[in-house]
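Comments concern the structure below.
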Amino acid sequence: MLSSAAMYPAGETDIRDRVAASAAAEGSHACAEAVEHAVTELEREPSLVLFFAAGDIDPATAAREAQAAAAGARVAGMTGTGAIGPDGPLKTGCSALALSSSFSAGIGAVEGPDPRAVARQATAEALAGIGDAAHAAVLLFVDSESGDQAEVVAGAYAVAGRRIPLAGGAAGGPTRTRFADGRALPSGVVAVAIGGSSPIGVGVAHSCVALGAPSIVTESEGPNVVRLDGRPAETVYLEKIGVDHDDLDDATFEKLAMVHPLAEPELSGGLRPRYVRARAAGGVLVCATSLEENAAVVVCRQTPDAVIHSARAAVEDAVSRLDSPAEAAVAFSCAARSVWFEGPAATGLARSELSALEAAFAESAPSLAGVYTRGEIGRSRGAKGDRNYSVVVAAFGAAN
Amino acid sequence: MSSLLRSAPPTDPQAEVLRRFVEAARRAQIVTIVNRAQTEEELGELVTAELCEAFDAEVAFVLAEADGQPYVVGSYGLSPYEVECLLDGEVADAAVKADAPFVGRTLRGVVGVARLYDQPLDEAEAALLGAVAASIGHALERLRLAGERDRLYRDAEERGNAARVIGSIADGVLLVDDVGIVRLWNPAAESITGLAPELVLGRRLQEAIPGWSTIAGSVVVLNDSASSGGHATVVPLDIDGRELWLSIQGVDFADGTVYAFRDLTAAHRLEQLKADFIATVSHELRTPLAAVHGAAKTLQREEIVPGGEVFNRLLVVIAEQSDRLTAIVNNILLASRVDSTDLEVASESVDVVALAADVLAAARAVVDDRLTLELITPPELTPVAGDREKVRQVMTNLVANAAKYSPAGGRIEVELTRGDGELQIVVRDEGLGISADEQSLIFEKFYRADANMTRGVSGSGLGLYISRELVIVMGGTISVQSELGKGSTFVVTLPIGAEAPPA
């Protein structure tokens, strides 16, 4: 199956050059087909093609074929729990977004044991490829199992600085692979720098609603929250959710935790969700990132309304930073937001989320591609950008 | 960045309570991180990252002051140099900028955050930043004190190590401060000199070490420890009548002078012994050799008739001087044997009365009627267990020594007494006597009371030495009592078995 979406309604393509096009495909050569179709739809020389693969793929083959289909453009991407194509979410297959040479592009791909150093080097290599573009953004494709994502953001931020927004996420799916110029990376960071003459906006929103009053982390060891309010963390956590923990097996706990993150309240009134990955002996909650002792945390719940609302909010946040209508957009949505593989209701929620996201762009209807991630990266203000339960939208304005 | 505080937007009471809760938690969280930091570098890294998160800021920094100079402890979002640029290139101005809302004073510097998009801190955020700044100030002070403590520990450890090294080395080490007071006196120095630390430390060097004034001018003192090529000086040092020969060298440093010295007394004595040996042997051998040589030359003359009186007398001279040479060589060999540690002691039945009689008889053959020799024994002195030949050698040496220093007409007594488990041999003469100074030296190898032969007494200087060594090997003691001009009494005490084994 092949689908595509052009950036502008057909009637307008005569007026302005098309600068982006997206496409999606399914099947054994989905990546190559999606990339090829996006490039074809662009009708111009592409400078960069991004592609996001879902389902059971051979990473090396997908990387090689995607590169071959990109008509000489730089190619980067990653696998996800699912992909976001022009026509909706994909459980298997591939979505692709081709950007024209109106945008400059650089790619850095680095593997290594230190996530901060790896991200720093990859970002530096990527930024070297865009020269002194008036506006820029860096997309980060990372590995959720290769250390704290906050460290990845810190490394990228050290190089990109405060004026270049960061977006991205951790690869999902069976292989959790990143792609860069025909290579498949099982670990490490792929950084993609995109430069242009118009602003590039990054918007972030999460889908969590606080349950009750905050608690204090009274004992923690890195990402392991041992005690909340002086009591075993798991006991307090389940009490606030309203579940009797005596009858809970580990699998059920993890499903429950997927939609009930902890969140750190911000001074601004917002929340910064933290994924609870599992529980451990002694009532310990194993989180995706470190929580310092004395931190205030609140148990949250995802609601369908919040998912849809946050999709809209993320787009509005991103678009607010543009000075022209969005021509293209890349979305990184937490896989847990739509509980992607959990039946028709979840699929329906994913479609609703995507519809809300597209609707938020209103009449600009940009070329859109995206991926469902295992941890998101989104930074446009502040220095921090590791996210959970969030949707991150990178929107590219019209070229001047 | 704006220098104006932003007023907090009006909120409902419940939201305000929550905000205050979050604010307090954030503050506690940051303080936890601050207190966890073990180094300034760690503090700068951890706390600035957390400040960025807490204040949703792009930049956070911590400044401090050392020796009057401000410096960037840590920063996030900007390099330390960029932080200085942010502060208009003058870190010192941060103190002025402490009135601005994005910085807070600490006890030792400034902590600040910076946000883009003209997002000044509101009053509550500024208050939080101020509180955090105070914690950071305390932490910086704590780390400074900890650093100072660590430095002192390191210094103490280094000093301890140095003291242990100085305390364990075999060379004496002496440290004198810049006003000449002894400040260090290591165990080796005490061992070499016999001067306890309490007698030396805190006193002027000239007063602490007897004889120092005499040698001070001879000791080489280098200018600093890096100097090389200087040679240690070997000097004699008289400490309470005990002569020490020291190899000593000094090195001046900023706070005084350190001397290192090594005890060469034994080596010096050995050198002296060698010199004495050569002098003695050459003299003692030359005299009989000259006599033999002269007699032989005379015998070659034509007028000397074989079998004639002169001929026969010359042969006697040759025979006697040959015996003398043999005795000298035997003494040297025996001295060499007693120096070795493998001398065995026999246990046999010794009739000491008969043995003493033999020794005196032999002596009479030499002295003729020039001296009176007498043996004094208690009645029925039964044989004892001992080493006959060694006892004989000791008696022979003592009697020969007495005869050598006795004037014509003198009397020599050998008295034997048996006590509880011991035999006492006393050799008494009425000879020249030995001065008190020399009495402790006469048993030393090659020592001769009349080294210059002013009294016409010759000798190898080995007899009393051999006697002492043999007595010691047999487990006994030897001593002397004497007065110049009134003779000498040598007393040998030897352990003996309760029952003498059969002869």
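So the sequence lines, in the order shown, correspond to chains A and B.
Count along the first sequence from 1, add 125, and you get the number used in the numbering used here.
Count along the second sequence from 1, add 134, and you get the number used in the numbering used here.
Glycine included, each C-beta is placed from N, C-alpha and C at the ideal position.
Note to self: Using 8 Å as the threshold, is the C-beta distance between Val355 of chain B and His365 of chain B below it?
What the structure shows: no
Next item on the list: Mind checking which residues open and close the alpha helix (DSSP H) that includes Gln340 of chain B?
Entry: Leu339 to Ala342
Checklist line | Under 8 Å between C-beta atoms of Ala295 of chain A and Pro184 of chain A | finding: no
Note to self: Could you give the first and the last residue of the continuous alpha helix (DSSP H) run that contains Thr327 of chain B?
What the structure shows: Pro321 to Thr327
Next item on the list: Taking all protein chains shown into account, decide if Pro541 of chain B is buried (16 or more other Cβ within 10 angstroms of its Cβ) or exposed.
Entry: exposed
Margin query: Using a 10 Å radius around the Cβ and a threshold of 16 neighbouring Cβ atoms, would you call Lys579 of chain B buried or exposed?
Written below: buried
Next item on the list: Could you round the C-beta distance between Leu493 of chain A and Ser147 of chain A to whole angstroms and report it? I think they count as a contact, below 8 Å.
Entry: 6 Å
Next item on the list: Could you tell me the boundaries of the alpha helix (DSSP H) in which Ser302 of chain B lies?
Entry: Glu257 to Ser302
Check: Is the Cβ-Cβ distance between Gly218 of chain A and Ala150 of chain A less than 8 Å?
Finding: yes
Item checked: Burial state of Gly555 of chain B (16 or more Cβ within 10 Å) -> exposed
Notebook entry, point to check: Going by beta carbon distance, what residues of the same chain come within less than 7 Å of Asn638 of chain B, once the five residues before and after it are set aside?
Noted result: The structure shown does not extend to residue 638 of chain B, since chain B is modelled only from 135 through 637, so no value can be given for it.
Next item on the list: Could you name the residues of the stretch 172-196 of chain B whose beta carbon sits closer than 8 Å to any beta carbon of chain A, in the order they occur along the chain?
Entry: Ala183, Glu184, Cys186, Glu187, Ala188, Phe189, Asp190, Ala191, Glu192, Val193 and Ala194
Next item on the list: Let me know the secondary structure DSSP gives Glu417 of chain A once reduced to three states.
Entry: coil
Notebook entry, point to check: Any C-beta of chain A sitting closer than 8 Å to the C-beta of Leu159 of chain B?
Noted result: Reading off the sequence, residue 159 of chain B comes out as Ala, not Leu. At least one chain A Cβ lies under 8 Å of Ala159 of chain B.
Note to self: For Pro390 of chain A and Arg189 of chain A, what's the separation of their Cα atoms in angstroms?
What the structure shows: 44 Å
Check: Candidates A:Glu478, A:Asp448, A:Ala471 and A:Val315: which alpha carbon is nearest Ala456 of chain A's?
Finding: A:Glu478
Item checked: Start-to-end residues for the beta strand (DSSP E) that takes in Arg376 of chain B -> Arg376 to Phe387
Item checked: His162 of chain A - DSSP class collapsed to helix/strand/coil -> helix
Note to self: Looking at the strands, I want to know which residues DSSP matches up with Ile119 of chain B.
What the structure shows: Nothing can be reported for residue 119 of chain B: it is not among the residues displayed for chain B, which extend from 135 to 637.
Next item on the list: Identify the contact partners of Ala279 of chain A in chain B, using a Cβ-Cβ distance below 9 Å as the criterion.
Entry: Ala183 and Tyr210
Item checked: Unbroken alpha helix (DSSP H) run spanning Asp375 of chain A, endpoints -> Asp375 to Met383
Margin query: Quick check on the burial criterion: 16 or more other C-beta atoms within 10 angstroms. Buried or exposed for Phe521 of chain A?
Written below: buried
Note to self: Just checking: is the beta-carbon of Leu336 of chain A within a distance shorter than 8 Å of some beta-carbon in chain B?
What the structure shows: no
Check: Where does Val479 of chain B sit, in a helix, a strand or coil, going by DSSP?
Finding: coil
Check: Does the beta carbon of Ala162 of chain B come closer than 8 Å to any beta carbon on chain A?
Finding: yes
Notebook entry, point to check: Looking only at its own chain, which residues have a Cβ that is under 7 Å from the Cβ of Gly345 of chain B, when we skip the five neighbours before and after it?
Noted result: Leu371, Asp372 and Ile373
Check: What did DSSP end up calling His370 of chain A once you bin it into helix, strand or coil?
Finding: helix
Note to self: I'd like to know whether the C-beta atoms of Glu501 of chain A and Gly328 of chain A end up nearer to each other than 8 Å.
What the structure shows: no
Check: Quick one: Cα of Ala330 of chain B to Cα of Arg471 of chain B, how far?
Finding: 38 Å
Check: Would you say Ser515 of chain A reaches chain B, if we count a Cβ-Cβ gap shorter than 8 Å as a contact?
Finding: no
Notebook entry, point to check: Thinking C-beta only, is Val422 of chain A closer than 8 Å to Leu387 of chain A?
Noted result: yes
Checklist line | Of the residues A:Glu168, A:His154, A:Gly180 and A:His260, the one placed nearest Ala191 of chain A, counting alpha carbons only | finding: A:His154
Note to self: If the criterion is Cβ atoms closer than 8 Å, does the pair Leu380 of chain B and Val392 of chain B meet it?
What the structure shows: no
Note to self: Please classify His260 of chain A as buried or exposed, where buried requires at least 16 neighbouring CB atoms within 10 angstroms.
What the structure shows: buried
Next item on the list: Evaluate contact between the stretch 193-208 of chain A and the stretch 323-342 of chain A, counting only Cβ atoms and requiring at least three cross-stretch pairs below 8 Å.
Entry: no
Notebook entry, point to check: Do three or more CB pairs link the stretch 489-501 of chain B to the stretch 614-624 of chain B at distances below 8 Å?
Noted result: no
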